[in-house]
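> Quick note: the sequence shown uses my numbering, first residue 329, plus one each step.
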Amino acid sequence: MKRLLILAAAIASAFAVNAQTYPGSKPVSIVVPFAAGGPTDRVARDLAIAMAKQIPGSNFVVENAAGAGGTIGANKVAKAAPDGHTLLLFHIGMAATPALYRRLPYNALNDFEYLGMVNDVPMTLIGKPQLPANTYRDFENYIRANAGKLNLAHAGLGSASHICGLMWQSALQTKEAMTTIPFGGTGPAMTALIGGQVDVMCDQTTNTTGQIEGGRVKAFAVTTAKPLSSHKLLKDYPTLQEMGLKGFNLTIWHGLYAPKGTPPAITKMLNDALKKSLKDPDFIKKNEGLGAIVVTDKRMEPAEHKAFVAAEITKLKTAVDAAKQYAD
Ligand code: ASP
Numbered sequence: 329m330k331r332l333l334i335l336a337a338a339i340a341s342a343f344a345v346n347a348q349t350y351p352g353s354k355p356v357s358i359v360v361p362f363a364a365g366g367p368t369d370r371v372a373r374d375l376a377i378a379m380a381k382q383i384p385g386s387n388f389v390v391e392n393a394a395g396a397g398g399t400i401g402a403n404k405v406a407k408a409a410p411d412g413h414t415l416l417l418f419h420i421g422m423a424a425t426p427a428l429y430r431r432l433p434y435n436a437l438n439d440f441e442y443l444g445m446v447n448d449v450p451m452t453l454i455g456k457p458q459l460p461a462n463t464y465r466d467f468e469n470y471i472r473a474n475a476g477k478l479n480l481a482h483a484g485l486g487s488a489s490h491i492c493g494l495m496w497q498s499a500l501q502t503k504e505a506m507t508t509i510p511f512g513g514t515g516p517a518m519t520a521l522i523g524g525q526v527d528v529m530c531d532q533t534t535n536t537t538g539q540i541e542g543g544r545v546k547a548f549a550v551t552t553a554k555p556l557s558s559h560k561l562l563k564d565y566p567t568l569q570e571m572g573l574k575g576f577n578l579t580i581w582h583g584l585y586a587p588k589g590t591p592p593a594i595t596k597m598l599n600d601a602l603k604k605s606l607k608d609p610d611f612i613k614k615n616e617g618l619g620a621i622v623v624t625d626k627r628m629e630p631a632e633h634k635a636f637v638a639a640e641i642t643k644l645k646t647a648v649d650a651a652k653q654y655a656d
């Protein structure tokens, strides 16, 4: 019995979290629920560098856990030890997937500690380099003329690229939908687009600006309500609203999460580090270069972050329930 008690105490102390010594020598893993080389991965890698600067001696690493529109990675973090060593960086999918998947293995509001929001990222509508169109108008004509023959790449049901593709096709009111091709993330989808294996994609500017600038894909429009006039490259592309798609407005937000039960001293330390990262000139510059805007408002606070996501879930659930288009 005594030996059992000693063993239990040893196990308990092995799992005990000491906020004074956190994070110690053990890395803090930021789980990205999509493949490496994509836009969420880009944001996470820049954030990992910024966060590590704020917590002396820490080592933030990025781990990719792709699949099912981001829900595999989110579930992994929901079930991880709440010791501050496993975090999740997720985008609008955090709110879209509870609406689209009726049997999620986790609860987006109850199974996480909310650590604050990171940035807002516009999307761009892009096509393979071999497309004959060079302007949005030509592109739309080409899509209509080839209805039912084209492929649209996305990062899984409920991903940002999937939502954007659906919104765009519904705004176009084309008779025949494009065939959608899911990937583990828009990193690999981008490779397929550049290679001409898929025709069209809607993706965050954190993945597309470099490819557009390098002439490896064709860009046709941005998804925001207002033109991106302060960005040296993206200012040249019209908004979908300007192109006649009334009310089209989509911006992708990212937030940082820890498993439920992570000690308050650790979540506070992480939120403080996040808020300082959002003021880090290097992090701001990297974001701006990629067309993203770091959060400067109250959404950087956990309570506001959670309230924002709760409102988004309600909004998206209403739309999905009305359309009865579920992912499961
Ligand atoms: N851009 C992707 C999406 O459509 C995710 C990614 O690969 O980062 O949600």
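Where is the CB? At the ideal position from N, CA and C, for every residue including glycine. It should be emphasised that the depicted structure is a prediction, and the values quoted were computed from it without experimental measurement.
1) Thinking just about the alpha-carbon of each residue, which of E504, F548 and A520 is nearest to the one in F511?
2) Only counting runs of 3 or more residues, tell me where the beta strand (DSSP E) segments fall wholly within the stretch 545-571, in order along the chain.
3) On a CA-only basis, which of T646, P591, H633 and D625 is nearest D411? Give me that one, please.
4) Let me know if A342 comes out buried or exposed under the rule of 16 or more other beta-carbons within 10 Å of its beta-carbon.
5) Find out if the Cβ-Cβ distance for the pair A424, L568 is shorter than 8 angstroms.
6) Answer with buried or exposed for P361, where buried requires no fewer than 16 other C-beta atoms within 10 angstroms of its C-beta.
7) Note down, one range per segment and in chain order, each alpha helix (DSSP H) of at least 4 residues found wholly within the stretch 364-418.
8) Taking the CB atoms as reference points, tell me whether P367 and T595 lie closer together than 8 angstroms.
9) What's the gap between the Cα of V390 and the Cα of V648?
10) Mapping the DSSP letters down to three states, classify F440 as helix, strand or coil.
11) In the structure shown, what three-state DSSP assignment does N435 receive?
12) Taking the alpha helix (DSSP H) that M628 falls in, what are its first and last residues?
13) Report whether the distance from the Cβ of S368 to the nearest heavy atom of the ligand ASP is below 7 angstroms.
14) CA-CA distance, D531 and D600?
15) Let me confirm a value: K407 is counted as buried when at least 16 other C-beta atoms fall within 10 Å, else exposed. Which label applies?
16) Which runs of the alpha helix (DSSP H) spanning at least 4 residues fall entirely within the stretch 576-617, listed in chain order?
17) Determine the closest residue to T399 out of A505, L417 and E570, with distance taken between C-alpha atoms.
18) What do you get for P630, buried or exposed, if any count of 16 or more other CB atoms within 10 angstroms of its CB means buried?
19) Would you tell me roughly how many angstroms separate the C-alpha atoms of L375 and V359, rounded to the nearest one?
20) For the putative contact between M529 and L561, defined by C-beta atoms under 8 angstroms, what is the C-beta separation to the nearest angstrom?
21) Find the nearest neighbour of I491 within the set E504, T508, A475 and L478, judged by alpha-carbon distance.
22) Taking the beta carbon of Y654 as the centre, do at least 16 other beta carbons fall within 10 Å, making it buried, or is it exposed?
23) Could you check what DSSP says for G421 in three-state terms: helix, strand or coil?
24) How would you write the range of the alpha helix (DSSP H) that T534 sits in, first residue to last?
25) Tell me whether A481, by its Cβ, gets closer than 7 angstroms to a heavy atom of the ligand ASP.
26) Are the beta-carbon atoms of I641 and A427 separated by less than 8 angstroms?
27) With a threshold of 8 angstroms on Cβ separation, who are the neighbours of A586 within its own chain once the five nearest residues in sequence on each side are excluded?
Let's see:
1) A520
2) 546-550
3) P591
4) With a pLDDT of 43 at A342, under the threshold of 50, the modelled position of this residue cannot be trusted; read the value that follows with caution. That one is exposed.
5) no
6) Looking at its Cβ environment, which holds 16 or more other Cβ atoms inside 10 Å, P361 is buried.
7) 367-382 and 399-406
8) no
9) Looking at the two C-alpha atoms, the distance is approximately 32 angstroms.
10) Of the three classes helix, strand and coil, the one that applies to F440 here is strand, per DSSP.
11) coil
12) Careful: M628 lies outside any alpha helix (DSSP H) and carries neither H nor E.
13) Contrary to the premise, residue 368 reads as Thr rather than Ser in this sequence. Between the ligand ASP and T368, a heavy atom-to-CB distance of less than 7 angstroms is present.
14) Separation of D531 and D600 (C-alpha to C-alpha, rounded to the nearest whole angstrom) is 30 angstroms.
15) exposed
16) Fully enclosed alpha helix (DSSP H) runs of 4 or longer: 592-605 and 609-617.
17) L417
18) buried
19) Going by C-alpha positions, L375 is about 12 angstroms away from V359.
20) M529 to L561, Cβ: 17 angstroms. No contact.
21) Comparing Cα-Cα distances from I491 to each of E504, T508, A475 and L478, the minimum goes to T508.
22) exposed
23) helix
24) T533 to E541
25) no
26) Against a cut-off of 8 angstroms, the Cβ pair of A427 and I641 comes out as a contact.
27) V405, P410, G412, T414, L415, L416, F440, E441, L443, I594, T595 and L598, listed in sequence order.
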